[in-house]
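Be aware that the sequence shown starts at -10, since it is given in this note's numbering, and climbs by one per residue.
Note that beta-carbon positions come from the ideal geometry of N, C-alpha and C, so glycine has one too.
In this text, all values refer to a predicted model and were calculated from it rather than measured experimentally.
Below: one structure, written as structure tokens.
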Amino acid sequence: MKRFIRIMGVGLVSAFIATGFSAVNASRKSSPLGTHISLKATDNTRDLGGIQAKNGQHIRKYRLIRSDALNKLSAHDKWKLQKQLRVKVILDFRSKGEIHNAPDATLHGTRNNRLSVMANPNFGVHTTAQYIHELAGKQPNNMELFYQKMVTQPHSIKAYRTMFRYLLKQRSGGILYHCTYGKDRTGIATMLILSSLGIPKTTIMKNYLASNRYLKSVTNREYRQMRRHTHNRKVLANLKRSRSAKAAYLNAAYSAIYQQSGSIKHYLRSQMHLSANDIQKLRHLYLNK
């Protein structure tokens, strides 16, 4: 009898552990945030693997990685990206000026491609005095307007269209795409990629807003540094707006897309030049059950 109880006890514990692990794994698979990747030199690097599409499939692990700038990668960071995450292609959305001032660290065996989203070659390049002057002149809705530009101006559309060409070619390994903070230009890229894979808008929004969590320390540090140079309330308010991820910003991009194309589906077809076969191929390459 005691032996039977012991066996039953072990069985129950094993079942509990198995159920627990299944619940954890299921939670990870359906997480709208994907998985945060811990690197010494970045704050907002995330694997989109595990995010669930409307059809029940999930994005494959280590295939699509969003990030902030890679200019300060440590030796261990490089090893992790190359060997563990198997990153084969990097898409850099920054301007020529940003790249010149802070070029990505070299990853052996990885192709780095420059796809500047903004037409201004010196976008994001300024001295502190210039930045203060720039922030002082911005309107409260500046970020909404910025997001609308990223999905409507020809230069930006061309950059994101080229991004999809790389995604369609990459049959294995990881594609890492990034800008400076991994929030705005990378946020729009993620919205377009996830939309093409059939990810719900609510999930896309949660993934976008997660940048606030990962960039919190960076944002707070930059705000403190700016206060050492100015106490102008408009400057500080606009700095906070520019360093935040807000639903209103991404919704402004959605609104511009709807106004231009009627729907995300038509936008992907007319502006990103993705055919029905391209969409099917993307889902075959980046989704699994």
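- Our two residues, H115 and S105, have alpha carbons roughly 17 Å apart in a direct line.
- Boundaries of the beta strand (DSSP E) harbouring V76: 76 to 81, taken from the DSSP string.
- Sorting T191, C168, K138, G163 by C-alpha distance to the C-alpha of I246 places K138 at the top.
- Secondary structure at G86: helix, using DSSP grouped into helix, strand and coil.
- Within the same chain, G39 come within 6 Å of S20 by CB-CB distance, once the 5 residues on both sides are set aside.
- Setting aside the 5 residues that flank it on each side, T169 is surrounded in the same chain by D57, A58, R83, E87, G113, each with a C-beta closer than 7 Å to its C-beta; the list follows chain order.
- The beta-carbon distance between Y120 and L239, rounded to whole angstroms, is 24 Å. This is too long to meet the 8 Å contact definition.
- The alpha-carbon of I48 is positioned some 11 Å away from that of L271.
- Boundaries of the alpha helix (DSSP H) around I268: 265 to 275.
- Under the DSSP assignment, L124 falls in the alpha helix (DSSP H) whose first and last residues are 117 to 125.
- R103 is the residue among Q142, R103, L124 whose C-alpha sits nearest the C-alpha of K85.
- For H167, the enclosing beta strand (DSSP E) covers residues 163 to 167.
- Leaving aside the five residues that flank D36 on each side, the residues in its chain whose CB is nearer than 7 Å to its CB run, in chain order, G23, T24, I26, K50, Y51, I54.
- For L53, the enclosing beta strand (DSSP E) covers residues 53 to 56.
- Restricting attention to N109, A64, N60, N101, the CA atom closest to the CA of A91 is found in N60.
- Residue pairing by DSSP places T24 opposite D36 in a beta bridge.
- Under the three-pair Cβ rule at 8 Å, the segment 120 to 135 counts as touching the segment 224 to 242.
- The beta carbon of R160 is closer than 7 Å to those of L274 in its chain, skipping five residues each way along the sequence.
- Shown here, H47 sits in a strand according to DSSP, grouped into three states.
- Under the DSSP assignment, N131 falls outside any beta strand (DSSP E), being part of the alpha helix (DSSP H) whose first and last residues are 131 to 141.
- With respect to the C-alpha of I188, the residue from N201, G45, H255, A30 having the closest C-alpha is G45.
- L80 places its beta carbon less than 7 Å from that of Y166.
- Linking T208 to R232 through their CA atoms gives a straight-line distance of about 6 Å.
- Secondary structure at Q41: strand, using DSSP grouped into helix, strand and coil.
- Excluding five sequence positions before and after Q71, the CB atoms of its chain that fall closer than 8 Å to its own CB belong to L96, H97, G98, T99, given in chain order.
- In this structure Q73 is exposed. Its beta-carbon is surrounded by fewer than 16 other beta-carbon atoms within 10 angstroms.
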